[in-house]
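Trainee: 51 is the number that numbering that gives the first Met the number 0 gives to position 52 of the sequence shown; each next residue is one higher, with no gaps.
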Amino acid sequence: MACMGGALLAAFLEGCSAGKEVNGTIDRSDLVIPVSSFQPGKKYLVVSHERLKYPVCVYRFSDDQYVALLMRCTHQGAELQVFGDRLQCPAHGSEFNNKGIVQNGPADTNLRTFPVSLQHNQLHISLQ
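(1) With contact counted as at least three CB pairs below 8 Å, one residue from each stretch, are the stretch 88-96 and the stretch 34-51 in contact?
(2) Tell me, to the nearest whole angstrom, how far the beta carbon of T112 is from that of L68; I am working on the premise that it is less than 8 Å.
(3) How would you label H119, buried or exposed, when you count the other beta carbons within 10 angstroms and need 16 or more for buried?
(4) Which residue marks the beginning of the beta strand (DSSP E) containing V101, and which one marks its end?
(5) Throw me the rounded Cβ distance for the V55 and I100 pair, which I believe falls under 8 Å.
(6) So if DSSP puts L68 in a beta bridge, which residue, or which two residues, is it bridged to?
(7) Helix, strand or coil, according to DSSP, for S47 in the structure here?
(8) How many angstroms separate the CA atom of Q102 from the CA atom of I25?
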């Protein structure tokens, strides 16, 4: 019975997702993903790489406007979870908007953001 409940919960969570997780590549100091990783209608992607301790959430606001946020809570360093246009800390409930600005504490510092550039249908997220 517990397995069935877990399977239903997993199916529900997957169905509510407005984005997806992709593996990026590292090119010098950039995390790189193809623009085509964004499926039509998707607002964000969670990008990971084995060399990164925390994933990066990339929000798409238009075809040429993106924001990349480190998914690390500025309160105590827990990995954030994405819920549409907000990121939330599972440890103490801090919330950040899709530009990384604190909406609810206890965190009092905005998220780290990374510059994003578009080059030859690739998003380059500068990790410097």
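C-beta: ideal position from N, C-alpha, C; glycine also. Keep in mind it's a predicted model, so treat the numbers as computed, not measured.
Mentor: Put simply:
(1) no
(2) Taking 8 Å as the upper bound for CB-CB distance, T112 and L68 are in contact here, some 6 Å apart.
(3) H119 is exposed by the Cβ-count criterion.
(4) Element bounds for V101: V101 to N103.
(5) Going by Cβ atoms, the distance from V55 to I100 rounds to 17 Å, so no, they are not a contact pair.
(6) C56 and T112
(7) The three-state reading of DSSP puts S47 in strand, counting E and B together.
(8) 31 Å
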